[in-house]
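Okay, structure first, notes after.
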Amino acid sequence: MPEMPHDTMPARSAVFALPCSVLFPNTLLPLQIFEPHYRLMLDDCLLGGGFITVVLLRKGSPKSLLDAPAYTVAGLGRVATVLRMPDATSRIFLGGVARVAIRRYTQRRPYPVAEIEPLAPAPVAPGFLDAARRRTVALFRQLAGDADETARNFLARVEGLPDPGAAADLISAGLDVDPHAKQRLLETIDLPERYDRLTRLLEEQVRQARIIRELIARPPRNVQDN
13 MPEMPHDTMP ARSAVFALPC SVLFPNTLLP LQIFEPHYRL MLDDCLLGGG
63 FITVVLLRKG SPKSLLDAPA YTVAGLGRVA TVLRMPDATS RIFLGGVARV
113 AIRRYTQRRP YPVAEIEPLA PAPVAPGFLD AARRRTVALF RQLAGDADET
163 ARNFLARVEG LPDPGAAADL ISAGLDVDPH AKQRLLETID LPERYDRLTR
213 LLEEQVRQAR IIRELIARPP RNVQDN
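Next up, the structure:
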């Protein structure tokens, strides 16, 4: 789901606190809604514009935002698909539409609601990030490979995005890393800085993958009993 103009965004939104998920703009996040207060949240959101802000809980937090500390930079999403299950739970796809700052919680129960403000990077000159974008795509290709059709389609989508910020967000969402590392990317508003951080993260992932491959390929040593 593409980013939406900031002047059309809601001033407040329901907040869904998660221990392991970060929502980036221009990406889809599958979620299962099963807790009663979040089921109520979904029903209320669907009566309105369908907006939900996904926020990552800080390390060591209880797995609920009703009383738990969370980050203040989050992803605003809009419900794209809803599948109602026989047990009253729901499975949804949430499309990321913006980075937002959580300014103030106006409600904690029955589910959190907060005032939000969009966060947008300063514009960069056309072509300024072309080299950084090519580097991140090349590194991601080393990690994901291109023999698999899913990986090929993903890389084709990244390369076809005209917006370098959207490309960086899509790669960030596709990384198999600690969610708090993804959170740091979400919090990096400046685009050149975000690409620099993303590149360093990808380089470390490639380095670790190379070490693992070398260890797997290394023949076992002959161990002799003394």
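Using this note's numbering, read the sequence shown as starting at 13 and increasing by one per residue.
Virtual Cβ for every residue (Gly too), placed ideally from N, Cα, C.
Residue i to residue j span [Cα, whole Å]
i: R222; j: I228; result: 10 Å
i: T162; j: L59; result: 35 Å
i: A179; j: V85; result: 19 Å
i: F28; j: P231; result: 49 Å
i: D156; j: H192; result: For the record, residue 156 in the displayed sequence is Ala; it is not Asp. Taking the straight line from one Cα to the other gives about 21 Å.
i: K194; j: P98; result: 34 Å
i: R146; j: D160; result: 20 Å
i: P133; j: Q220; result: 31 Å
i: R96; j: P122; result: 21 Å
i: G177; j: I183; result: 10 Å
i: D55; j: G61; result: 11 Å
i: P22; j: G72; result: 30 Å
i: N165; j: Q119; result: 41 Å
i: E171; j: V218; result: 20 Å
i: R206; j: E226; result: 30 Å
i: P48; j: Q154; result: 43 Å
i: I224; j: L43; result: 32 Å
Buried versus exposed call for residue i [16 or more other C-beta atoms within 10 Å across all chains shown]
i: C57; result: buried
i: L213; result: buried
i: F252; result: The structure shown does not extend to residue 252, since the chain spans only 13 to 238, so no value can be given for it.
i: A143; result: exposed
i: L181; result: Correcting the residue identity first, residue 181 is Asp in this sequence and not Leu. Per the 10 Å Cβ criterion, buried.
i: R115; result: exposed
C-beta contact flag for residue i and residue j at 8 Å
i: L68; j: Y50; result: no
i: P37; j: V109; result: yes
i: F46; j: T93; result: no
i: T20; j: A185; result: no
i: T65; j: I104; result: no
i: G87; j: L173; result: no
i: L167; j: V189; result: no
i: P130; j: V112; result: yes
i: L106; j: L52; result: no
i: L35; j: G89; result: yes
i: R24; j: A126; result: yes
Which residues DSSP lists as bridging residue i, in chain order
i: Q195; result: In DSSP, Q195 forms no bridge with anything.
i: V34; result: DSSP, once it has assigned bridges, lists no residue as partnering V34.
i: I45; result: S102
i: L88; result: T65 and A110
i: R96; result: S102
For residue i, the three-state DSSP class (helix, strand or coil)
i: Y11; result: Lying before the first or after the last residue shown, residue 11 is absent from the chain, which here runs from 13 to 238.
i: I104; result: strand
i: V170; result: helix
i: I223; result: helix
i: V67; result: strand
i: I228; result: helix
i: P22; result: coil
i: V269; result: Any question about residue 269 goes unanswered here, given that the chain covers just 13 to 238.
i: G177; result: helix
i: T39; result: coil
i: I183; result: helix
i: L131; result: coil
i: V149; result: helix
Residue i beta carbon near the ligand GTP (any heavy atom closer than 7 Å)
i: T200; result: Among the components modelled here there is no ligand, and therefore nothing to report on the ligand GTP.
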